[in-house]
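Residue numbers (the numbering used here), protein chains in the order written: chain A, 6 to 325; chain B, 9 to 479.
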């Protein structure tokens, strides 16, 4: 390939061919990279993107997996049905009420534990860090089954412990009042990941800021409120988003403790459990697909709102 | 692409990508699969899907494999492919396979589970007639149990009547006579009715201080032993109503109207009072405490005097593994219900053919073969639907439970009083109506102080809405 210079002398231009040329080294390297990661790309397209697209299409149908030949396009009927579905409203209410309880509780507890295992006053900090993280290694179903035993009204460890102090514990998992606090308790057991992220945030706070605060006469609470909290606010923000999304996707524990029904009195019929029942128990796969997209929109909207508020409380750099 | 092919690195990448994709996309072979079609293409492969009921336990699979192997060896034109799925996943797995890759035969599966696939099951009647399969050895009532909307969707293989298991040690300790073993027999001069059972059960219900439930000093907050349970059915209101009220249906004769018959109202009230007023049946929390959590095998705890359960419970009772608390037990007949009849609600297992099969005749040939296999019924722990096979079944149980001598005559008697219509029979909008019935049962089992009759009225309205939706 040649070109004519202003002086009219031909010169080589092979060093930088026009973009999009197949023969360039960069293109070939990029292509090689793409080929190497193509299993992931194909996997993503086949097992994530296409199913998502399929669920969007299905949400406009009355698809019943038992009668594939009888599928009909029903327009927005599934979405209209949501407006008149009392079970959906109930499941949304359950999820929101639970989120209001579990998200701040787990955030506070995880931060508290992270502060504890970050403290120089604690002997054997690494041991405690390991111990607090260890429950994360236990499958959720197994840990839930263990907790069902712990929370049993009659012979559960928790109520037996309360009985020592003369307190008659409630029927945790069969009471509409106590089942959410019981699930929060189960959730506190699994704060290992959140604690670890908080711990990383705490360790990234420059020590000279603590020294300066001490020189200025700040106490422990003042230091925490004015130094630690602002500096770990990005980590707090991240954990808040993750916890919120996880709460709206809450499923396994509720499924296990209620055999998939949402007992007692649908107080554990979380959004995702209701979605599962519609799709796999009642075979309303089209409606379940619509519910999945509603969940997607809700989570997206919540995340968007949080990001919009982040500017007012999340520390984003030295300019603040 | 030529340029890519010429570069060794890129060639390696393409090769690796293809290999990874092939590995990822390769379907997992059935661990118990049998050979597929022959090269000539004349061999028909029939997939038998196991896991929806019993049949998926590791000790059962070798027998199923042996039965399949025997068939495959003796048939050149048909080969059975056995697919065994864990029970907890079987229903969902099948649901997801139905649109694209349904099996041919499903089962063993009970009456209730078959209702989920009622519309998708092949009517066997024409095949039974054309093949000349002899069903005369099976009670007509059992055959009729699988006739749904005029379609014969299964041939009974295994039956499980219900009766009362009782812990003889607890009766001995209380100085009480054992319950009757013969239908029509009295108990201590009283007719054997549910009222008599209530009186007996309250005497057998004891608190931590040793007071029985008839005593004024009885403390319902510290019960140590219960007189009666109906384990595994506590939230199924149709089942509970049948046990304590006799046969009935939530669907009126017109097929679309929801109802709760009077005898069922009475039966459900009996059970609700047993849990919350008379305290001789355990609450959910109590059952989970003594019965190993969600498993709720309460009778095996040794703290239940009488338990209304089916024949299949022999699966899980002494001499089970471990250190059993129940070492001396027997079985008694069910009492007369408020409708004046004895009713032993019946569970039954069968095998059905999905109507999506491309080879219905061959599938029926396989089904007919499987339904005759006594070995299968034995390994499933079921009483054979074919009467001539029952002596061998009970002899096997006698050997297993020796030195205990169990009066299996009770079981045979109870088979003569099946619920008709079945408590698992079809309802419009079946899955949602069934779920609503269980939601209602869960409410009753966990909530004291309800006005039960008003709750039943409200529940009937809920059912009617679901029936209307499904019509």
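C-beta atoms are modelled at their ideal positions from N, C-alpha and C, and glycine is treated no differently.
Fair warning: this is a prediction, and the values are worked out from it, not measured in the lab.
- Task: Return the Cβ separation of residue 113 of chain B and residue 451 of chain B in integer angstroms, given the expectation that the two are a contact with Cβ distance under 8 Å.
- Result: No, residue 113 of chain B and residue 451 of chain B are not in contact; Cβ-Cβ is about 38 Å, not under 8 Å.
- Query: Considering only the beta carbon of each residue, do residue 385 of chain B and residue 166 of chain B sit closer than 8 Å?
  - Reply: A Cβ-Cβ contact shorter than 8 Å links residue 385 of chain B with residue 166 of chain B.
- Message: Between B:56, B:106, B:152, B:73, which has its C-alpha nearest residue 429 of chain B's C-alpha?
- Response: It is B:152 whose Cα lies nearest to the Cα of residue 429 of chain B.
- Query: Which residues bound the alpha helix (DSSP H) around residue 89 of chain A?
  - Reply: Bounds of any alpha helix (DSSP H) do not take in residue 89 of chain A, whose DSSP letter is neither H nor E.
- Query: Between which two residues does the beta strand (DSSP E) harbouring residue 171 of chain B extend?
  - Reply: Counting along the chain, the beta strand (DSSP E) containing residue 171 of chain B begins and ends at 170-175.
- Stretch-stretch touch, CB-based, cutoff 8 Å, three pairs: the stretch 300-309 of chain A with the stretch 74-94 of chain A: The stretch 300-309 of chain A, when compared against the stretch 74-94 of chain A, does not touch it at the 8 Å Cβ threshold.
- Which residue's Cα is closest to the Cα of residue 284 of chain A: A:58, A:54, A:71, A:52? The residue with the shortest Cα to Cα distance from residue 284 of chain A is A:71.
- Message: Counting C-beta neighbours from all protein chains within 10 Å, is the total for residue 135 of chain B 16 or more, i.e. buried, or is it exposed?
- Response: Per the 10 Å Cβ criterion, buried.
- By DSSP, does residue 196 of chain A sit in helix, in strand, or in coil? Here residue 196 of chain A carries a coil assignment [DSSP, helix/strand/coil].
- Inspect the beta-carbon positions of residue 434 of chain B and residue 157 of chain B and report whether they are closer than 8 Å. Yes, Cβ-Cβ distance for residue 434 of chain B and residue 157 of chain B is below 8 Å.
- 8 Å Cβ cutoff met for residue 431 of chain B and residue 250 of chain B: Inclusion of residue 431 of chain B and residue 250 of chain B in the CB contact set at 8 Å is warranted, their separation being smaller than that value.
- Residue environment, residue 279 of chain A, which counts as buried when at least 16 other CB atoms sit within 10 Å: Buried.
- Item | Coarse secondary structure for residue 388 of chain B, derived from DSSP in three states | When DSSP states are grouped into helix, strand and coil, residue 388 of chain B belongs to the coil group.
- Query: What is the rounded straight-line gap between the Cα of residue 247 of chain A and the Cα of residue 237 of chain A?
  - Reply: Residue 247 of chain A and residue 237 of chain A: Cα-Cα distance of roughly 16 Å.
- Query: Is DSSP giving residue 334 of chain B helix, strand or coil here?
  - Reply: Reduced to three states, the DSSP call for residue 334 of chain B is coil.
- On a CA-only basis, which of B:461, B:119, B:83, B:100 is nearest residue 371 of chain B? Give me that one, please. The residue from B:461, B:119, B:83, B:100 with its alpha-carbon nearest to that of residue 371 of chain B is B:83.
- Message: I'd like to know whether the C-beta of residue 451 of chain B is nearer than 8 Å to at least one C-beta of chain A.
- Response: Judged by the 8 Å Cβ criterion, residue 451 of chain B is in contact with chain A.
- Item | Same chain, Cβ closer than 6 Å to residue 364 of chain B, neighbours up to 5 away in sequence not counted | For residue 364 of chain B, same chain residues with a beta-carbon under 6 Å away, outside a window of 5 residues either side, are 110 in chain order.
- Task: Report the three-state DSSP secondary structure of residue 255 of chain A (helix, strand or coil).
- Result: Here residue 255 of chain A sits in coil by DSSP.
- Item | Alpha-carbon to alpha-carbon, residue 367 of chain B and residue 129 of chain B | One C-alpha to the other measures close to 13 Å.
- Just the C-alpha distance for residue 69 of chain B and residue 256 of chain A, rounded to the nearest angstrom, thanks. Near 32 Å, if we compare the C-alpha coordinates of residue 256 of chain A and residue 69 of chain B.
- Message: Output needed for residue 324 of chain B: all residues of its chain with C-beta closer than 7 Å, excluding positions within five of it in sequence on either side, in chain order.
- Response: Correct list, in chain order: 305, 308.
- Top-ranked residue by Cα proximity to residue 160 of chain B, from B:192, B:92, B:149: Selected option, being the one with the closest Cα: B:149.
- Is the Cβ-Cβ distance between residue 173 of chain B and residue 321 of chain B less than 8 Å? Yes. Within cutoff.
- Query: Roughly how many whole angstroms lie between the Cα atoms of residue 379 of chain A and residue 361 of chain B?
  - Reply: Outside the shown range of chain A, which is 6 to 325, sits residue 379 of chain A, and nothing can be said about it.
- Item | Uninterrupted beta strand (DSSP E) stretches inside the stretch 84-172 of chain B (no shorter than 3 residues) | Runs of the beta strand (DSSP E) inside the stretch 84-172 of chain B: 86-92, 113-118, 163-168.
- Do the CB positions of residue 273 of chain A and residue 184 of chain A come within less than 8 Å of each other? Yes, they are a contact pair.
- Message: Once DSSP output is grouped into helix, strand and coil, what is the label at residue 38 of chain B?
- Response: Confidence in residue 38 of chain B is poor, its pLDDT being 38 and thus under 50, which makes the residue's placement unreliable; the coordinate value appears in the next sentence. Assignment of residue 38 of chain B by DSSP, reduced to helix, strand and coil, places it in the coil class.
- Starting from the C-beta of residue 56 of chain B, find all residues in its chain whose C-beta is less than 6 Å away, skip the five residues before and the five after it, and write them out in chain order. Residues of the same chain with a CB within less than 6 Å of the CB of residue 56 of chain B, apart from the 5 flanking positions on each side, are 88, 90, 113 in chain order.
- Task: Can you give me, in chain order, the residues of the stretch 251-271 of chain A that have a beta carbon less than 9 Å from any beta carbon in chain B?
- Result: Under the 9 Å Cβ criterion, the stretch 251-271 of chain A contributes 261, 262, 263, 264, 266, 267, 268, 269, 270, 271.
- Message: When you compare the CB of residue 104 of chain B with every CB in chain A, is at least one pair closer than 8 Å?
- Response: Cβ-Cβ to chain A under 8 Å: yes for residue 104 of chain B.
- Message: Short of 9 Å Cβ to Cβ, which residues in the stretch 114-126 of chain B face chain A?
- Response: Listed in sequence order: 124, 125.
- Item | Option in B:62, B:74, B:140 with minimal Cα separation from residue 3 of chain B | The question about residue 3 of chain B has no answer here: the residues shown for chain B are numbered 9 through 479.
- Item | Element boundaries [beta strand (DSSP E), containing residue 251 of chain B] | Per DSSP, residue 251 of chain B belongs to no beta strand (DSSP E); it is in the alpha helix (DSSP H), 245-253.
- If you draw a straight line from the C-alpha of residue 104 of chain A to the C-alpha of residue 258 of chain A, how long is it? Each residue's alpha carbon lies about 14 Å from the other.
- Message: For a quick check, are the C-beta atoms of residue 232 of chain B and residue 215 of chain B less than 8 Å apart?
- Response: Yes, these two residues count as a Cβ contact at 8 Å.
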